[in-house]
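As they're listed, the protein sequences go chains Y and B. Per our numbering, the first sequence starts with residue 1, numbered consecutively. Per our numbering, the second sequence starts with residue 1001, numbered consecutively.
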Amino acid sequence: MRLTIPFRLGSGRRVLAGVLATLAIQTSMVGCDRAPTETLAITKSEVGRVPASAQRPGDPQQGYDALINRAIVTCGLPYDAYRRRTGPQSPNLDLQFPGRTGRNAELPYMLTAHVAESGIELVTSNCLGCHAATFDGELIMGLGNEFLDLTVDPLIAVEGAGAFVAEGPEATEWRRWADRIRAISDYMMTDTIGVNSANNLTLALMAHRDPETLAWSDEPLIEPPPEKPLPVSVPPWWNVGKKRAMFYNAEGRGDQVRYMMLASTVCTDSVDEAAAIDAWFVHVRAYLASLEPPSYPYPIDPDLANEGYRVFQANCKKCHGTYGEDPFYPNKLVALDKVKTDPLLARKGFKEADRFLHWFQRSFYGELSQAAPALGYIAPPLDGVWATAPYLHNGSIPTIAALLQSESRPTYWEFDREGDARPAYDRNQLGWAYRVLPHGKAGATSRNERYRIYDTTSSGYGNQGHTFGDDLRTDERLALIEYLKTL
Amino acid sequence: MKPWIVSSLSVTLFVLLWVTLTRESGEWVKAPNPSLETLIDLDADGFSPVVGAWEPRFPADHGAHPTFRSELWNLFGWLLDRQGRSYVFQVNLTRLALRAEAAERASAWATNQLFRGHLALILPGVASVLAEERLNRGALGLAGLSSEPVRIWLEDWSLSAPVDSDGLLLEIASDRTGLSLTLNPIKPSATSNDLELFGQGPGSPGFHLYLIPRLAVQGDLRLDGTQVQVQGTAWLDHAWGAISGAPGQLALSRFAVQLDDGRDLMCLELRRRDGSGRPIPSCALIGSDGRVQAFGRREIRLEPVDEWRSPATGARYPLSWRLALQPVGLELSLEPLLEDQELDPALRLWSGAVEVKGREGEAQLSGRGWVELTGLTRSGANEL
């Protein structure tokens, strides 16, 4: 048997039908990102109140169905190869979202089946590898996955999958997927398990596409982002309905649907394909905007929580808003010099991303939106915040207790767990159990150990700032924590 | 995902010989055996599963693991006689269980196995490889295995682990030549977990694998009736489990290097069989104390600089290599001792000895090594 496939086709525009890629199994890798403004001129935002912008209407029910059953990433591993590798039974099928139909019912929730134009059935990654996670064994839609291991080289997984791929059209689909992953894999590997690289990954994808035609180019067309991603934590989806702008630096202004779709650009190679996805993605956005946070699953002391409510109103409300009966969320973008958390993500987005802002505004994705980064971070809604540890945009602080008392924040820490098991949930501090370490990554003796250490002395990983809880008395802090459980 | 990777990669490597058994059984039919397809129960369940945390125990693990489907031993060695002339050998032993049998029936394990042995020897002043092969079914009483003492044998070939030492004994006899060698580990064994090749952390790859990158060798070599005393070093690989023969779209090359300064290096390079894409290298540098330092694809440069076309098969093999581990400034060149070390023409498999030279910063380095790779056909695609 032999087979010769020319690898690089000059222009990079491939005629293949619509497979897009991401990798399968635990490392999903699509991204979400940041984008720019209005005309071809790019816009930067001021801090302060984020203005409202109209969203296209959609049907949440239809959106849910599409989210769990339709492929947004249209390249992936041929289904037969997937089966050869997993055997007849997929792993982790006990965790599943209701309503998955057909082939999807037999795939883990973070994978979606898709039939490519070649007729080959593919297994593709979806949003839920990053945007769904378990809490105490229960799968929660929209909860950011803070345990994803993006230190693993995705290219090895994707190329290694070739061991299970048969000759012919199956191999062609696999190669297309693998070639795409190759182009972006260097931009998505983090050096800490749990932190996410979706932002960087999306920028890398932009660099490989013509903004006007969306055609893929094997060679980057603009300077790609730096290889080393800045760490980000995955924000929960149930805040989408309250937030007027997407992303930590609130740069995602205007229509939100296409920002979300940027995650799918791995193999979306034409404006027609993007428009076809856009047509059903308005429903997905409507579904996300309808999501409610989960309820705290353990007992809450109502009197203590009541006291905490007062502490919150006095100290936190002006940025984070009010909750309960008549909620109000101020959509407040707080300047870096006020919040003083690690500035790198905001600074880079503000100063070093203009080429991507231009790309976005010129593309289909920016038609209805204006990406407008600011030198600050949005004070997020705190609904369900007890579930979203670790905290801050870079996930640098393991618990709410530590967030509210800056001298107790660990400089070096890791989750307290065996292997890949989930750590226990700490109901007093609100967060996953962690161990404080005497040394950072430099003191690690193995690669595995190094990847597990969250080292707040690394650039972009800082845990400083947001000291708004420091002046509280111990009893006030306890009460405040109790109150946060009610959100 | 981790186990997936290992099983798809490392397997491919160690399995090259297996492919003969499970896929290209046509080659085997030439041997004095009935067609393998009629013998092997390919869908057999009932073999021992390969489960997680595992540490090798010696001498027991040097021996056969007949409750697992398949097993491989590779020994590479570089020997010198008193006059300083070098002899290079490679011994590959493979075992395949034809079907699973109840574990208690020890006798059944012996009769139910297929064994293959292959010897390749490069003698001083001889510009070709001397090769020998043995192929037997346990059932015919011509090959077998035992656990007390630890031993596997095919006719007059055997590998055993004496009870009172942590070493191995290799005995090979044939019409023209013979080897009688004791091999004693100079370094601890390393498992696939220890090597972290391709970023593998703990996880079950679907088979067990350990290697001993450096053993001290002592013994005799017989050649056409004369006997020479030899000593030198060897490298051992041993793997067992559900080693499947189909590498799909992949091909793997393997580089094993023993540096004279006491360090050893193992690299794998994953490629697409059709030659597209860029190969992905991964290396583990094993210090003289056995400590492993792993290198990922972005830290390694591994490039062929020359190619050889086999007159026998027409396959093209990249044979001279440059290898650099950038974080430690190590640069090596690997030159084949002989071009024609095509081990298995049917498989387009080149497996042979290389001389190693290089430097690390200012320091000069030298050593020896073994490279295994599959060839490319004329169209540019790897053929398997």
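Don't be surprised by glycine CBs; every beta carbon is placed ideally from N, CA and C.
query, result
"List the endpoints of the continuous alpha helix (DSSP H) containing Y:E449.", "447 to 452"
"I'd like to know whether the C-beta of Y:F468 is nearer than 8 Å to at least one C-beta of chain B.", "no"
"Can you tell me the Cα-Cα spacing of B:R1271 and B:G1232, whole angstroms?", "33 Å"
"Which value, in whole angstroms, describes the spacing of the CA atoms of B:V1120 and B:T1191?", "It should be noted that the sequence gives Ala, not Val, for residue 1120 of chain B. In a straight line, the C-alpha of B:A1120 is about 26 Å away from that of B:T1191."
"Reducing DSSP to helix, strand and coil, say where B:G1367 ends up.", "strand"
"At a CB-CB cut-off below 8 Å, which residues of chain B make contact with Y:R182?", "G1277, R1278"
"From which residue to which residue does the beta strand (DSSP E) around B:R1359 run?", "1349 to 1360"
"According to DSSP, simplified to helix, strand and coil, what is B:A1143?", "strand"
"For the segment 1176 to 1200 of chain B, which residues have a CB atom closer than 7 Å to at least one CB atom of chain Y, in sequence order?", "E1196, F1198, G1199"
"Quick check on B:G1225: does DSSP put it in helix, strand or coil?", "coil"
"With 16 as the cutoff for other CB atoms within 10 Å, does Y:Y298 come out buried or exposed?", "exposed"
"Which first and last residues belong to the beta strand (DSSP E) in which B:L1293 is found?", "Sequence inspection shows Gln at residue 1293 of chain B; the Leu mentioned does not correspond to that position. First-last of the beta strand (DSSP E) with B:Q1293: 1292 to 1295."
"Looking at B:L1123 and B:L1259, is the spacing between their C-beta atoms short of 8 Å?", "no"
"Using CA atoms only, rank isn't needed, just tell me which of Y:N69, Y:N199, Y:R83, Y:A245 is closest to Y:Q96.", "Y:N69"
"Whole beta strand (DSSP E) runs in the segment 218 to 296 of chain Y with 3 or more residues, listed along the chain?", "252 to 254"
"Please look up how many angstroms separate the CB atoms of Y:P403 and Y:H358, rounded, as I've assumed it's under 8 Å.", "The amino acid at residue 403 of chain Y is misidentified as Pro; the sequence shows Leu. In fact, because the Cβ distance is near 36 Å, the residues do not count as touching under 8 Å."
"To the nearest angstrom, report how far apart Y:R417 and Y:Y434 are at their CA atoms.", "8 Å"
"Can a CB atom of chain B be found closer than 8 Å to the CB of Y:M29?", "Because Y:M29 carries a pLDDT of 28, less than 50, the predicted location of this residue cannot be relied on, and the following value inherits that uncertainty. Cβ-Cβ to chain B under 8 Å: no for Y:M29."
"For a contact meaning CB atoms closer than 7 Å, what does B:L1285 contact in chain Y?", "What B:L1285 touches in chain Y: nothing, since even the nearest Cβ is about 13 Å away."
"With 8 Å as the threshold, decide whether the Cβ of B:G1358 is near any Cβ in chain Y.", "no"
"Is the shortest distance between the beta-carbon of B:A1131 and the beta-carbons of chain Y less than 8 Å?", "no"
"Report the three-state DSSP secondary structure of Y:H439 (helix, strand or coil).", "coil"
"Taking all protein chains shown into account, decide if Y:K441 is buried (16 or more other Cβ within 10 angstroms of its Cβ) or exposed.", "buried"
"So Y:I68 is in the alpha helix (DSSP H); what residue range does that whole segment cover?", "60 to 69"
"Could you check how far apart the C-beta atoms of Y:E227 and Y:Y187 are, in whole angstroms? I think they sit under 8 Å.", "6 Å"
"Please report the straight-line C-alpha distance between B:F1090 and B:G1275, rounded to a whole angstrom.", "A quick correction: the sequence has Gln, not Phe, at residue 1090 of chain B. So the alpha carbons of these two residues sit roughly 28 Å apart."
"Rounded to the nearest angstrom, how far is the Cβ of B:F1115 from that of B:L1072, given a contact under 8 Å?", "No, B:F1115 and B:L1072 are not in contact; Cβ-Cβ is about 11 Å, not under 8 Å."
"Where do the ends of the alpha helix (DSSP H) carrying Y:R83 lie?", "79 to 86"
"Given that a residue counts as buried once 16 or more other Cβ atoms are within 10 Å of its Cβ, and exposed if not, what is B:L1075?", "buried"
"Assuming B:Q1341 and B:V1126 are in contact, meaning their beta carbons sit under 8 Å apart, how far apart are those beta carbons, in whole angstroms?", "Actually they are not in contact, since the Cβ atoms of B:Q1341 and B:V1126 sit about 13 Å apart, beyond 8 Å."
"Using only alpha-carbon positions, find the residue among Y:P294, Y:F312, Y:G144, Y:E414 that is nearest to Y:H393.", "Y:G144"
"Would B:N1112 and B:G1144 qualify as a contact pair, given that the criterion is a beta-carbon distance under 8 Å?", "no"
"Assuming Y:P78 contacts Y:W216 under a Cβ cut-off of 8 Å, what Cβ separation, rounded to an integer in Å, is found between them?", "Not confirmed; about 20 Å, so no contact."
"What residue ranges within the segment 91 to 150 of chain Y form continuous alpha helix (DSSP H) runs of no fewer than 4 residues, ordered along the chain?", "128 to 131"
"Leaving aside the five residues before and after Y:L336 along the sequence, list all residues of the same chain whose C-beta is less than 8 Å from its C-beta, in chain order.", "P343, A346, R347, L375, G376, Y377"
"From this set, Y:D470, Y:A379, Y:S270, which residue's C-alpha is nearest Y:V47's C-alpha?", "Y:A379"
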